[in-house]
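Take 13 as the starting number for the sequence shown in our numbering and just add one per residue.
Ideal Cβ placement from N, Cα and C applies to all residues, glycine included.
Here's the structure, in structure tokens; my notes come after.
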Amino acid sequence: MQVIREIKKIKDKKIVVDIPEDFQAKKVEIIILPVAHKNKKRLSKLSGILLKGPSLNRKEIENIKGIQYWLREWKVPKS
Numbered sequence: 013m014q015v016i017r018e019i020k021k022i023k024d025k026k027i028v029v030d031i032p033e034d035f036q037a038k039k040v041e042i043i044i045l046p047v048a049h050k051n052k053k054r055l056s057k058l059s060g061i062l063l064k065g066p067s068l069n070r071k072e073i074e075n076i077k078g079i080q081y082w083l084r085e086w087k088v089p090k091s
């Protein structure tokens, strides 16, 4: 089954869907779902989770940078 999924903006109460040349079906089902509210709600939820999470102080950040440097410089001995 061939499927086309796109997010489109409504302009003058119309939506235009471009069908690819190789699309075989002659009859299709169209389902219109609002997207904006769902994305804003999801983004708001994610922001809330991130803001409640722990934050790093300057010393912890420097420690992480030191570990990252060590990992980049570390060489695995060849057998």
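Pairwise C-alpha distance: residue j and residue i
{"i": "residue 59", "j": "residue 35", "result": "40 Å"}
{"i": "residue 80", "j": "residue 70", "result": "15 Å"}
{"i": "residue 63", "j": "residue 43", "result": "36 Å"}
{"i": "residue 55", "j": "residue 65", "result": "15 Å"}
{"i": "residue 74", "j": "residue 90", "result": "31 Å"}
Cβ-Cβ separation, residue j to residue i (assumed contact under 8 Å), whole Å
{"i": "residue 27", "j": "residue 20", "result": "5 Å"}
{"i": "residue 29", "j": "residue 18", "result": "7 Å"}
Nonlocal neighbours in the same chain, by C-beta distance under 8 Å from residue i, ignoring five residues either side
{"i": "residue 2", "result": "For the chain, the structure presents residues 13 to 91; residue 2 sits outside this window and is missing."}
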